[in-house]
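Engineer: If you scroll down you'll find the structure; I have some questions about it.
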Amino acid sequence: MRFLWLFLYSLVCAVLLACFSNIHDFTKYIFSLGALYLGMRFFRRFEGLGFRIWFIVIAVILYFMFNLIYALYTQTGITAP
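FYI, the numbering for the sequence shown is 145 to 225, going by my numbering.
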C-alpha cells in the first residue's frame with residue numbers, strides 16, 4: 145500500500161510540475177505551490193530516506209515523460225474531431 149501512495153504522490157507532483165512548465169501565465173505559480181505543498185505532505189507522511197529519494201526520482205522521470213508527450217502533442221497539430 146505504501147508503494148501505491150508513493151506512485152500516486154509522484155504522479156500528481158509530476159503533473160503539477162508539467163503544468164507549471166507549460167503554462168505561460170501568472171497562474172502557473174499555483175501549480176508550483178501545489179507541487180511544493182504535495183512534496184511537504186509526502187515528506188511529513190513518509191520519513192524513510194529511501195521513500196523520499198524514490199519520490200523525487202519517480203516524480204522527475206514522470207515529469208520528463210509528461211513534458212515529452214505534451215511537446216509531441218503540440219507539434220503534431222492533432223485536433224479533436
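Cβ atoms here follow ideal geometry from the backbone N, Cα and C, with glycine treated the same way.
Keep in mind that this is a model prediction, so the values were computed, not measured.
Tell me the rounded alpha-carbon separation between Ser154 and His168.
Structural biologist: Walking along the sequence shown from the start, residue 154 turns up at place 10. Walking along the sequence shown from the start, residue 168 turns up at place 24. Going by the C-alpha atoms only, they are around 23 Å apart.
Engineer: In angstroms, rounded to a whole number, what distance separates the CA positions of Ile202 and Tyr217?
Structural biologist: The count along the sequence shown starts at 1 and reaches residue 202 at position 58. The count along the sequence shown starts at 1 and reaches residue 217 at position 73. Whole-angstrom Cα-Cα distance: 22 Å.
Engineer: Give the secondary structure of Phe151 by DSSP, where H, G and I count as helix, E and B as strand, and everything else as coil.
Structural biologist: On the sequence shown, position 7 is the one that residue 151 refers to. Correct three-state label for Phe151: helix.
Engineer: Please report the residue range of the alpha helix (DSSP H) in which Met184 lies.
Structural biologist: To locate residue 184, count along the sequence shown from 1; it is residue 40. Unbroken alpha helix (DSSP H) run through Met184: 172-189.
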